[in-house]
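Undergrad: Have a look at the structure that comes next, please.
Numbering (the numbering used here), first residue to last: 1021 to 1118.
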């Protein structure tokens, strides 16, 4: 994979769900919403000075949100940060860099 480029979309794994769950409170604070359902469905990654995760999350029957999470390099000893989100997405909307 080329640094800075996005990977192909992959099905979400338990690790990706954990990453999404960790930033869920940050997203709820920013959107002023509470998400009863919060299931990661697919994701892409981007290597920067750490890793950006772009994750499609189902938050309702036909309702999706795309979230961007930054995971710093291990030696930086920092936590995951929600760095962006896009609401009003559908199951078929492609994950893109934002």
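We treat Cβ as the ideally placed atom computed from N, Cα and C, and that holds for glycine.
Flag residue 1091 as yes if its beta-carbon sits less than 8 Å from any beta-carbon of chain D, otherwise no.
TA: Chain labels in this structure do not include chain D; a single protein chain is all it has.
Undergrad: For residue 1044 versus residue 1073, is the C-beta spacing smaller than 8 Å?
TA: No. Outside cutoff.
Undergrad: So, residue 1104 versus residue 1066, is the Cβ gap smaller than 8 Å?
TA: no
Undergrad: Per DSSP, what are the beta-bridge partners of residue 1084 in this structure?
TA: 1078, 1109
Undergrad: Use the C-beta contact count for residue 1040: other C-beta atoms within 10 angstroms, 16 or more gives buried, fewer gives exposed.
TA: Of the residues assessed, residue 1040 falls on the buried side of the cut-off, its CB having 16 or more other CB atoms within 10 angstroms.
Undergrad: For the beta strand (DSSP E) containing residue 1059, name the first residue and the last one.
TA: It spans 1059 to 1068 - the beta strand (DSSP E) in which residue 1059 sits, taken as one unbroken run.
Undergrad: With 16 as the cutoff for other CB atoms within 10 Å, does residue 1069 come out buried or exposed?
TA: Exposed, by the Cβ-count rule.
Undergrad: Got a sec? Which residues, its chain only, sit under 7 Å from residue 1080 by beta carbon, not counting five neighbours each side?
TA: So the qualifying residues of the chain are 1057.
Undergrad: Output the boundary residues of the alpha helix (DSSP H) element that contains residue 1051.
TA: 1034 to 1051
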